[in-house]
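Undergrad:
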Amino acid sequence: MSHCHILEHEDAGMMTHWVVVDQYQPTISLQFDGNDDRVTVPYDSSFPTEVFTISAWVKLNQPEGRAAIIARGEDNDSYNLSWQLFVSSLGELEIMLEDENEQNFCYPYNDCVSMGACTIIGDLFIADNMWHHVAATRDGSGTLSIYIDGELRASCEGTGIPSSDNYQNLSIGCTFGFIGPPPDGIEPPIWFFTGQIDEPTMWNESLSHEEIVDLFISNININSPELIGYWTFNEGDGQIVSDLSLAENNGYLGDSYEIDSSDPFWDIPGQGELIVDHLENWNLIGVPFESTSFPCSGYVEESLYSFENGNYVNGSVDNMSTGSGYWLRFDEAGTCTYSGEPVNELTIFLTEDWNLISGISFSVPVNSIIDPDNLIIPGTVYGFDGTYVEAETIEPGYGYWLRSTGEGEITISSSAPLTKSRTFQPPEHLSTVADANTLKLGKQTLYFGNEIEVENMLSFSLPPKPPAPSTDIRFSGNTKLCTSDECVIEVMNNGSPLTFECEIKDGEFWHLTPVIANGTEWSAAILLTDKEQLTLDSGVEQWILRKSTTTVPTTFALHPSYPNPFNPITTLRYDLPEQAQVTLTVYDLMGREVTQLINTTQKAGFRSVQWDATNSFGKPVSAGVYLYQIRAGEFVQTKKMVLLK
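Take 40 as the starting number for the sequence shown in the numbering used here and just add one per residue.
Next comes the structure, spelled out in structure tokens:
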């Protein structure tokens, strides 16, 4: 991205829920002088006509005439347009459509050729010398919507149909200006934009209101095949304006590739500022600017670690460098405010296997990393948000793991490369495990099943374990994929019970058995089937996951609760060899009923239910010893469990 919002979070987690608390602040944008500046994008058949979304960030004072933001180029026979998004002389956001008969339809005021009906919902004025996000969409039914800063400001139905007889260039910052055909012999005026434009973007689909809000507050999905142009204006110099979309509609400043007076100039502030949040405990961090000192406080002394030659190396915050990633431990959650000279591009040397890196001063999609030697193993770029999470974007101020096939260099740049062959391609490995069984802990997912076939097992490899205390789950061998019918799971946690989500496919049965401290297995395994949630004991660091060949138990049974003792959730498991009327009731030691967990007819199978230490009224019960009893037909059995608080 070519900008940063000043943001704060409403969650103790990293990168979870952000609220804009200050205006949009670009670090690089284009300044248009209002005389002859423009950006030209050569015609391409991918340019949208009837169905589209166009958006941009703009900053301007009230113009003397029309100020064009982005325009779908003039047609073959005149200076007219298919559509143009512009600011009127009143400083209001408007859009004009032109059909194949050169009729102009101006919205939302409908004050050219009248067509359709419009409702103005909010203020359209944007010429206040402040940054605003502007967007317009048109769908297949002819509904046109105008948005400012993520809010719907006007909506029109039954609008005119833009001409598809259009083979000319796309213009940013200027447009030809008569409404309707120009008078004979009169050269039409050209309306130039005076001010700053950043991130003009266009799609060949009509985005929803929710998607427009996402554009306003977060990043753009550059992998969308419907994205036809995304010019971040991050280059900072030169004539080329790179398109980050898959369409690669690269443009250039002015009318030609030669430098002339029609070139807008790059607006590059000398200093940037970025607020980055951090978690309590361990964080993966990076340095986003060329700055003089580390700005964070509240970190644990001597807890900074880099990763070199396969080992963690203790270091000092005074010696951190851009491009490197680090572990750092904080006493509590908070924020760091970085300032300094923005970094637009970094070339990073990789060694074979795992590397701990950081990015530049701007968000860069992972698949925009320039990787000419195909070093990065797909699926192995990870950030850390309390647990490892596969990254889609390299965000400024954070550290990331990535795995390399060998030694070489990659480049992280705010400018898109001109050919896709030079960039790291997005991973497709997860499509091969779409039908696998899964075990999820937070944002980490393990995949298992003995019928899974994958081409590259390394795409499922996981980075070195985070420092303790941290939360992590993986199969032995540092992978998130197991293709056998017996798997060993390794667990790290911060001392609290861990809640997992499990999904078993195709009616299979798997057993999860904890390995206790002396290396032996607990006799009563936990049955996994269908979809369920389970809480595991925080004291167990290794589990055996086995596929079961038994689908129906041979005898009635009530198993020991797990965990036991527990706080506040335990799982009660029982076996039904045949269909039966089942009740499962919790009592205190005086024999008084606390709550009834099951009272229904159930089919044969392995069953389980969780108790959250509440009574039948939903109120928490006190610590102590409790009894749980099953009645299934003629079968009755009672066991004890201990609640700790």
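Just so it is clear, CB atoms sit at the ideal spot from N, CA and C, and this is done for glycine as well.
The structure presented is a predicted model; accordingly, all values stated were derived computationally and were not measured.
Compare the beta carbon distance of residue 346 and residue 395 with 8 Å and say whether it is the shorter of the two.
TA: Yes.
Undergrad: Since residue 683 contacts residue 662 with CB under 8 Å, what's their CB separation in whole angstroms?
TA: 6 Å
Undergrad: Decide yes or no for the touch test of the stretch 164-173 against the stretch 122-135: beta carbon pairs closer than 8 Å, at least 3 of them.
TA: yes
Undergrad: Using 8 Å for Cβ pairs, my map puts residue 527 next to residue 514. What's the rounded Cβ distance?
TA: 6 Å
Undergrad: What residues match up with residue 587 in a beta bridge as DSSP calls it?
TA: 548
Undergrad: So what's residue 471 in DSSP terms, helix, strand or just coil?
TA: helix
Undergrad: Based on DSSP bridge pairs, tell me the residues matched to residue 680.
TA: 665
Undergrad: Do residue 210 and residue 107 have their CB atoms nearer than 8 Å?
TA: Yes, they are a contact pair.
Undergrad: Could you check how far apart the C-beta atoms of residue 512 and residue 451 are, in whole angstroms? I think they sit under 8 Å.
TA: Not a contact, Cβ separation roughly 29 Å.
Undergrad: Please state the DSSP three-state secondary structure of residue 196.
TA: strand
Undergrad: Apart from the five residues just before and just after residue 178, which ones in its own chain have a Cβ nearer than 8 Å to its Cβ?
TA: 90 and 245
Undergrad: Figure out for me which residue from 510, 485, 506 and 509 has the closest Cα to the Cα of residue 499.
TA: 485
Undergrad: Between the C-alpha atoms of residue 416 and residue 137, what's the straight-line distance to the nearest angstrom?
TA: 48 Å
Undergrad: Quick check on the burial criterion: 16 or more other C-beta atoms within 10 angstroms. Buried or exposed for residue 445?
TA: exposed
Undergrad: Assuming contact is defined by CB atoms lying nearer than 8 Å, are residue 85 and residue 267 in contact in what I supplied?
TA: Yes; because the gap between Cβ atoms is below 8 Å, this pair is in contact.
Undergrad: Looking only at its own chain, which residues have a Cβ that is under 8 Å from the Cβ of residue 639, when we skip the five neighbours before and after it?
TA: 620 and 621
Undergrad: Can you tell me which of the three DSSP states residue 496 falls into?
TA: helix
Undergrad: Using a Cβ-Cβ cutoff of less than 7 Å, which residues in the same chain neighbour residue 597 once the five nearest sequence positions on both sides are dropped?
TA: 613, 669, 676 and 678.
Undergrad: Measuring straight from C-alpha to C-alpha, what distance separates residue 218 and residue 502?
TA: Because the pLDDT at residue 218 is just 43, under 50, the model does not fix this residue reliably, and the value given afterwards should be weighed accordingly. Cα to Cα, residue 218 sits roughly 60 Å from residue 502.
Undergrad: Tell me the rounded alpha-carbon separation between residue 457 and residue 238.
TA: Model confidence at residue 457 stands at a pLDDT of 36, short of 50, so the residue's coordinates are unreliable and nothing is read from them.
Undergrad: Given a cut-off of 8 Å on the beta-carbon distance, is the pair residue 552 and residue 582 in contact?
TA: Yes; because the gap between Cβ atoms is below 8 Å, this pair is in contact.
Undergrad: My output table needs one value for residue 259: the three-state DSSP class, helix, strand or coil.
TA: The answer is coil: DSSP assigns residue 259 none of H, G, I, E or B.
Undergrad: From the DSSP secondary-structure annotation, give me the bridge partner or partners of residue 111.
TA: 122
Undergrad: Between which two residues does the beta strand (DSSP E) carrying residue 647 extend?
TA: 644-650
Undergrad: Under 8 Å, do residue 362 and residue 324 count as touching if we go by C-beta distance?
TA: no
Undergrad: When the Cα atoms are used, what is the spatial distance from residue 465 to residue 283?
TA: No answer about residue 465 holds up, because its pLDDT of 47 lies below 50 and its placement is not dependable.
Undergrad: Alpha carbon to alpha carbon, how far is residue 183 from residue 651? Give it in angstroms, no decimals.
TA: 51 Å
Undergrad: Between which two residues does the beta strand (DSSP E) harbouring residue 99 extend?
TA: Element bounds for residue 99: n/a, residue is neither H nor E.
Undergrad: I believe residue 418 touches residue 481 by the beta-carbon criterion, under 8 Å. Please report the beta-carbon distance rounded to the nearest angstrom.
TA: Wrong, their Cβ atoms sit about 18 Å apart, outside the cutoff.
Undergrad: Under DSSP, the beta strand (DSSP E) around residue 268 begins and ends at which residues?
TA: 266-269
Undergrad: Does any residue of chain E have a CB that is nearer than 8 Å to the CB of residue 680?
TA: Within the model displayed, chain E is absent; a lone protein chain is all it includes.
Undergrad: Among all the DSSP beta bridges, which residues are the ones paired with residue 596?
TA: 614
Undergrad: Please determine, among 141, 320 and 241, the residue with the shortest C-alpha to C-alpha distance to residue 121.
TA: 141
Undergrad: Using C-beta distances below 6 Å, list every residue in its chain close to residue 101, excluding the 5 sequence neighbours before and after it, in chain order.
TA: So the list reads 130 and 166, once near-sequence residues are dropped.
Undergrad: Return the CA-CA distance between residue 229 and residue 213, expressed in angstroms with no decimal places.
TA: 7 Å
Undergrad: Under three-state DSSP, which class holds residue 356?
TA: helix
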